[in-house]
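The sequence shown: position 357 = 358 (our numbering), numbered continuously.
Using N, Cα and C, we set each Cβ at its ideal position, and we do this for glycine too.
All values derive from a computational prediction rather than experimental measurement.
Quick notes on the structure that follows.
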Amino acid sequence: MSDIPGRPTLVPSRFRPPERIVDAGLAILLTVLIGGGLFPENRVEHGGTLHWQRLVAETLLTTLPLAWRRRWPVPVLGVEIAAVLAEGAFHDPAAAGLPMMVAVYTVATRCSHRTALLAAGVASLALFTEMELAHVAVTIPGAVSRIATPAAACAVGLWVRTRRDYVEQLRETAERLSHERRLLARQAVAEERVRIARELHDVVAHHVSLMVVQAGAVRETVDAAHPSRPVLESMARTGREALAEMRHMLGVLRLEDTADGAGRAPQPGIADLGPLIEQARGAGLPVELRVEGTARPLPPGVDLSAYRIVQEALTNTLRHAGPTEARVLLRYRPDALEVRVSDSGRGSAAPPSGGHGLIGMRERVALFGGELVAGAVPGGGFAVRAVLPLGGPATLQG
2 MSDIPGRPTL VPSRFRPPER IVDAGLAILL TVLIGGGLFP ENRVEHGGTL HWQRLVAETL
62 LTTLPLAWRR RWPVPVLGVE IAAVLAEGAF HDPAAAGLPM MVAVYTVATR CSHRTALLAA
122 GVASLALFTE MELAHVAVTI PGAVSRIATP AAACAVGLWV RTRRDYVEQL RETAERLSHE
182 RRLLARQAVA EERVRIAREL HDVVAHHVSL MVVQAGAVRE TVDAAHPSRP VLESMARTGR
242 EALAEMRHML GVLRLEDTAD GAGRAPQPGI ADLGPLIEQA RGAGLPVELR VEGTARPLPP
302 GVDLSAYRIV QEALTNTLRH AGPTEARVLL RYRPDALEVR VSDSGRGSAA PPSGGHGLIG
362 MRERVALFGG ELVAGAVPGG GFAVRAVLPL GGPATLQG
């Protein structure tokens, strides 16, 4: 059962009745059970017929307060203790013991550990006092029972509370980690898109600038009355407008990324893989580079993306694969460049968080309409394979 609203239990909330109904049902059930045991016809105890009005009052005093046990656990326990003492004083049949144990359990689930232990001790003392008032001889089994029963009720309540708090802590931790994971994923996607957009913008701006310069140069070589001059003027004007818009966009992107320090430095490419691989080797990762096909100049966007994919894959291998060696394969196809980076580690070169580096790789490959596959390979290790078409949507011919 759940004693604190909003706390998770093993039973889904949609299948649990309201706590008030549960407690009211418990009070009614105990009233019926205890009343049925106290009022058989011609019941005689202690040498005389029990006065039924007093029994009714004692039964109701014992059971009905349990309907409010979660709201006022300590006062309800006090009422139950008073009912036990009343039974002893009037020499009535012991019927309040079970409701008092329920009250002790409730105090243990809702109050402090100190209060729970105190409640168990007071309940045990009340049971001994009841025996004294009823002039019942104290036996060893009876004494053990009056000590062990409240202690057991308290122990069960404390266990339920500890378990419930543990489940609640797990739920809160899972929610926090899930929220942080979503934030990190969104942040990684946003940062990677900003970086990719900035890099591709630099490449595009370079080519558009060449187009504007060439259009202007051709325009100067034709007469003012030539039919192509207005077209050339329009090309140059449109190119300048596009450059202005792109530079404005670049300014916005760089405001969000001023700490990156990239500036206008030349962007790396396939030709820069040598120093990158030497860095990985210097960090303790043996790397083998193999090139298949005829190497040829690549569009700047493809060249940059291929370098970044190799860089990210080697970084992931260094971070997550453990003792291993890596292999880098560049395969020049007629219509695409295939990049494959594999290692012989334990098959977990992808970050445990789900792979923010892989997110960036997929973003880069998607810009060119390419394909990226990453995962563990049979026999151990991890592999990343990217195919970058040379005529994809974002490909820029040099």
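- Taking a C-beta distance under 7 angstroms as the contact criterion, Gly346 and Thr316 do not qualify as a contact pair.
- By the 16-neighbour rule on beta-carbons within 10 angstroms, Val223 is exposed.
- Shown here, Val23 sits in a helix according to DSSP, grouped into three states.
- If you draw a straight line from the Cα of Thr163 to the Cα of Gly275, it comes to about 58 angstroms.
- With a cut-off of 8 angstroms on Cβ pairs, the segment 150-157 is in contact with the segment 109-124, counting three or more such pairs.
- The criterion of a C-beta distance shorter than 7 angstroms is satisfied by Leu159 and Ala117.
- Taking Ala272 as reference, the option from Tyr308, Gly285 and Gly283 with the minimal CA-CA separation is Tyr308.
- Taking the Cα positions, Arg111 is about 13 angstroms away from Leu119.
- Put simply, the backbone Cα of Leu62 is about 10 angstroms away from that of Pro100.
- Rounded to whole angstroms, the separation of the alpha carbons of Phe383 and Glu242 is 46 angstroms.
- Between the beta-carbon of Pro390 and that of Gly376 there is about 22 angstroms, and that puts the pair past the 8 angstroms contact cut.
- In this structure, Ala387 lies near Val340, with their beta-carbon atoms less than 7 angstroms apart.
- Between the alpha carbons of His180 and Thr150 lies a distance of about 45 angstroms.
- Take the alpha-carbon of Leu299 and the one of Ser306: they are about 11 angstroms apart.
- Excluding its 5 nearest sequence neighbours in each direction, Gly240 has C-beta neighbours in its own chain below 6 angstroms: Val209, Met212 and Val213, listed in chain order.
- Taking Pro287 as reference, the option from Val342, Leu233 and Ala87 with the minimal CA-CA separation is Val342.
- Only buried fits Glu313, as 16 or more other CB atoms lie within 10 angstroms of its CB.
- Per the DSSP secondary-structure output, Asp344 pairs in a beta bridge with Ala327 and Phe383.
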